[in-house]
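Trainee: Structure below; questions to follow.
In my numbering, the protein residues as written are 1 to 444.
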């Protein structure tokens, strides 16, 4: 394993001494020792300095810097990064904890894949109890445009952070989200570790919203919207960002109203027994398909009893495809909003989808040697191998009268042999810590 050095950056303001001690305890417990900690203190008193000295009395890996009041998060993190000496910087919240093997896991990931940016799963700390785990997918560009599912808990190559200008000084709450979107635009090598390495503190104060807290949340939400709009503009995508009244996420709608002028550019695949429940389905689907890096767009399928048939598909290490969110209520938000928001998936339903015509020809179309779901799984794998994304769009809903014929054993064996270097690694858009099979996208 490479000798990687980490620079942990921690901005302190309005610090709770008990929670800050808990945070320092988790740093001290790290099994990997190649790190330095830079604390940027904006508090008016010396409490943080006293606690740091208590935990690290003669540790040369610690840098403590006092900041003038009102400098803010972006200034603090950019200053810390410029004074750091690590290969990678790691963002930490002043009241949060990191798993004792967090830095070791990151070092191993860096040694294997040499990423520019690493993120990981996290859960929440309420008192001493851990709850509400967020099991994330590998990089999901379409989902990231709708919600900051990654969060602020990142590990970034320090040289690239500095070259990019770090966090924009004009941003506060959404500064790291903006950095993430810029990293996507520049095609950084972004990796995901499917382990709960970060524990986000949720205090009692966070559960009771005062007027000031509500106003701050509204301001932060508007900042996220502005960042998302700026990203879409830089990408040259004709899109609108729609607010959620609960401020949980935002919806991006792509403009595909001119789809009739581009009939030669796409192929509509539709089973004759499929009924589409939206009037402007083609406008919506073509809006997503017109992106240069998208090859296939699919929809949400429902069935009788107000139940979901599928929200795209997931697959296991044996190459078996399962309908995502199967039998869940159509009124449900899904695990971490996965039913409600457009996102990248490994496979969509072939009974109604839109395919880029050039991509279809480029990958050789459907394989006649396969049956059932294997046909579409194989096709979507070829699309992804061609560096095109497969996107699930829940704003379009369809209903099928009968299930598609299942694949046989011979088909599955052929599929596994064909994709022996891909399928055993598992579905990159489905976290291995979630249950696999017909019952999926839920916590036990």
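Where a beta carbon is used, it is the ideal one built from N, C-alpha and C, also for glycine. Every value quoted in this text rests on a predicted model; they were computed, and no experiment measured them.
1) Below 7 Å CB to CB, which residues in the same chain sit around residue 383 once its five sequence neighbours on both sides are set aside?
2) Can you give, in chain order, each stretch of the alpha helix (DSSP H) that sits fully within the stretch 98-124 and has at least 4 residues?
3) Exposed or buried, what is residue 442 when buried is set at 16 or more other beta-carbons lying within 10 Å of its beta-carbon?
4) Starting from residue 139, trace the beta strand (DSSP E) both ways and give me its first and last residue.
5) Could you check what DSSP says for residue 412 in three-state terms: helix, strand or coil?
6) Give the straight-line distance between the Cα atoms of residue 142 and residue 15, rounded to the nearest whole angstrom.
7) With a 10 Å radius around its C-beta and 16 neighbouring C-beta atoms as the bar for buried, classify residue 136 as buried or exposed.
8) For residue 440 and residue 284, what's the separation of their Cα atoms in angstroms?
9) Who are the Cβ neighbours of residue 239 in its own chain at under 7 Å, not counting the five residues just before and after it?
10) Any heavy atom of the ligand MG closer than 7 Å to the beta-carbon of residue 373?
11) Is it the case that the stretch 273-283 contacts the stretch 319-329, given that we only count it when at least three CB pairs across the two stretches are under 8 Å?
12) Note down the Cα distance separating residue 303 from residue 319, rounded to an integer number of angstroms.
13) Do you know how far the Cα of residue 86 is from the Cα of residue 373?
14) According to DSSP, what are the bridge partners of residue 419?
15) Leaving out the 5 sequence neighbours to the left and right, which residues in its chain are closer than 7 Å to residue 366 when beta-carbon positions are compared?
16) From the beta carbon of residue 128, is the nearest beta carbon of chain D less than 8 Å away?
17) Helix, strand or coil: how does DSSP classify residue 344 here?
18) Quick check: the Cα distance between residue 152 and residue 119, rounded to an integer number of angstroms?
19) For a minimum of 3 consecutive residues, which ranges assigned as the beta strand (DSSP E) are wholly contained in the stretch 161-200?
20) Evaluate the contact criterion for the stretch 110-125 versus the stretch 45-61: three or more CB pairs, one atom per stretch, below 8 Å.
21) For residue 386, which of helix, strand or coil comes out of DSSP?
22) Output the distance between the C-alpha atoms of residue 155 and residue 59, rounded to the nearest integer angstrom.
23) Let me know if residue 42 comes out buried or exposed under the rule of 16 or more other beta-carbons within 10 Å of its beta-carbon.
24) Is it buried or exposed for residue 394, if we count other Cβ within 10 angstroms and need 16 for buried?
25) If you draw a straight line from the alpha carbon of residue 292 to that of residue 388, how long is it in whole angstroms?
Mentor: Once the coordinates are examined:
1) Taking the first residue of the chain shown as position 1, residue 383 is located at position 383. 295, 296, 359, 363 and 390.
2) If we require 4 residues or more, the alpha helix (DSSP H) runs fully inside the stretch 98-124 come out as 102-113.
3) Working through the chain shown from its first residue, we reach residue 442 at position 442. Within 10 angstroms of the beta-carbon of residue 442 lie fewer than 16 other beta-carbons, which makes it exposed.
4) Taking the first residue of the chain shown as position 1, residue 139 is located at position 139. Here residue 139 belongs to no beta strand (DSSP E), and DSSP marks it neither H nor E.
5) By one-based count along the chain shown, residue 412 stands at place 412. Here residue 412 sits in helix by DSSP.
6) Within the chain shown, residue 142 is the residue found at index 142, counting from 1. Within the chain shown, residue 15 is the residue found at index 15, counting from 1. If I take the Cα positions, the gap works out to 35 Å.
7) Translated into positions along the chain shown, residue 136 becomes position 136. Residue 136 is buried by the Cβ-count criterion.
8) By 1-based counting over the chain shown, the position of residue 440 is 440. By 1-based counting over the chain shown, the position of residue 284 is 284. Taking the straight line joining both Cα atoms gives about 27 Å.
9) For this step, residue 239 is matched to residue 239 along the chain shown. Here the set comprises 232, 252, 253, 254 and 255.
10) This structure does not include the ligand MG; it has no bound ligands of any sort.
11) no
12) Taking the first residue of the chain shown as 1, we reach residue 303 at position 303. Taking the first residue of the chain shown as 1, we reach residue 319 at position 319. Straight-line Cα distance between these residues: approximately 25 Å.
13) Reading the chain shown from its first residue, position 373 is the one you call residue 373. Reading the chain shown from its first residue, position 86 is the one you call residue 86. Their Cα atoms are separated by approximately 47 Å.
14) The count along the chain shown starts at 1 and reaches residue 419 at position 419. Looking at the DSSP assignment, residue 419 forms no beta bridge with any residue, so it has no partner.
15) On the chain shown, position 366 is the one that residue 366 refers to. Excluding residues within five positions, the ones whose Cβ falls inside 7 Å are 375 and 379.
16) Looking for chain D here will not work: only one protein chain is present.
17) As a working note, residue 344 is residue 344 in the chain shown. Here residue 344 sits in strand by DSSP.
18) In the chain shown, the residue the question calls residue 152 occupies position 152. In the chain shown, the residue the question calls residue 119 occupies position 119. Answer to the nearest angstrom: the Cα atoms are 9 Å apart.
19) none
20) no
21) Residue mapping note: residue 386 aligns to position 386 of the chain shown, counting from 1. Residue state, collapsed to three classes: coil.
22) In the chain shown, the residue the question calls residue 155 occupies position 155. In the chain shown, the residue the question calls residue 59 occupies position 59. Going from the Cα of residue 155 to the Cα of residue 59 covers about 23 Å.
23) On the chain shown, residue 42 is found 42 positions in, with the first residue counted as 1. Buried.
24) Counted from its first residue, the chain shown places residue 394 at position 394. Burial is judged here by how many other beta carbons sit within 10 angstroms of a residue's own beta carbon; residue 394 has at least 16 and is buried.
25) Counted from its first residue, the chain shown places residue 292 at position 292. Counted from its first residue, the chain shown places residue 388 at position 388. Cα to Cα, residue 292 sits roughly 8 Å from residue 388.
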